[in-house]
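Asks: Residue numbers (our numbering), protein chains in the order written: chain A, 55 to 170; chain B, 92 to 202.
And the structure:
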């Protein structure tokens with residue numbers, strides 16, 4: 055089975071540009087999470103969805119960040135306009151509420167963003 | 092106070108040594124606990140769940156102390172391949188079960 059798929063794997067952009075990160079969760083998973091990881095702040099939860107509905111977006115840094123989940127198989131995280139301090143690795147993860155491993159989050163390989 | 096706290100390390104230990112990490116959590120409504128491992132420039136992956144009675148998986152032992160609100164991970168007979176960052180994870184009880192990661196403890200096993 056395919057795992058969580060993220061794209062792009064790497065993105066280099068200039069300050070002020072719009073960045074869109076994409077995620078396809080594991081089929082059948084009903085939770086989707088967006089995390090940001092930096093050396094200084096570790097792994098930060100930005101937002102998570104349950105059955106495509108945003109549950110908690112308190113970790114979204116500011117209005118420049120937005121996330122959507124139009125259907126069960128796709129989510130986007132958008133940064134507009136981007137700033138150098140947004141440079142980080144952005145991870146998407148999914149999880150199933152039911153089944154034998156309800157606690158396990160499955161992560162994508164991450165999108166490494168560099169804003170110049 | 093952070094919801095989940097870990098000593099960032101690094102812990103530099105020789106091969107064969109025993110090393111232990113602790114992780115404290117602030118919310119007493121925390122329900123489920125896990126240890127994840129993250130290799131350099133890779134995504135986190137589940138290492139093991141932490142059960143109330145404690146559990147062991149080979150050289151790894153995880154324990155939970157609800158009274159003091161911490162979990163621990165013990166690694167015996169450290170291998171070079173154990174070098175990684177170890178993240179503790181806490182899931183709150185309740186309808187939407189928020190998942191929170193600690194910042195991780197870096198382990199470097201030295202030959």
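No residue lacks a Cβ here, since even glycine has one placed at the ideal position from N, Cα and C.
Can you pull the chain A neighbours of residue 197 of chain B, defined as C-beta to C-beta under 9 Å?
Replies: Near residue 197 of chain B there are no residues of chain A at all, since even the closest Cβ is about 11 Å away, more than 9 Å.
Asks: Mind checking residue 171 of chain B: buried by the 16 CB within 10 Å criterion, or exposed?
Replies: So residue 171 of chain B ends up on the exposed side.
Asks: For residue 110 of chain A, go through chain B and note every residue whose CB falls closer than 9 Å to its CB, in chain order.
Replies: Result: 187, 189.
Asks: Could you confirm whether any beta carbon from chain A is found closer than 8 Å to the beta carbon of residue 134 of chain B?
Replies: Answer yes: the Cβ-Cβ gap between residue 134 of chain B and chain A drops below 8 Å somewhere.
Asks: Taking the alpha carbon of residue 47 of chain B as the reference point, which residue from B/109, B/134, B/103, B/126 has its own alpha carbon closest?
Replies: The question about residue 47 of chain B has no answer here: the residues shown for chain B are numbered 92 through 202.
Asks: Please work out which residues of its chain come closer than 7 Å, Cβ to Cβ, to residue 113 of chain A, disregarding the five sequence neighbours upstream and downstream, and give them in chain order.
Replies: Same-chain partners within the cutoff: 98, 99, 100, 101.
Asks: Got a sec? Which residues, its chain only, sit under 6 Å from residue 100 of chain B by beta carbon, not counting five neighbours each side?
Replies: The residues are 196, 197.
Asks: Listing by chain order, which chain A residues have their CB less than 8 Å from the CB of residue 192 of chain B?
Replies: Going along chain A in sequence order, the residues near residue 192 of chain B (Cβ under 8 Å) are 89, 96, 97, 99.
Asks: Using three-state DSSP, classify residue 138 of chain A as helix, strand or coil.
Replies: If DSSP states are grouped into helix, strand and coil, residue 138 of chain A belongs with the helices.
Asks: Assuming residue 155 of chain B and residue 192 of chain B are in contact, meaning their beta carbons sit under 8 Å apart, how far apart are those beta carbons, in whole angstroms?
Replies: Contact flag wrong, Cβ pair sits at about 17 Å.
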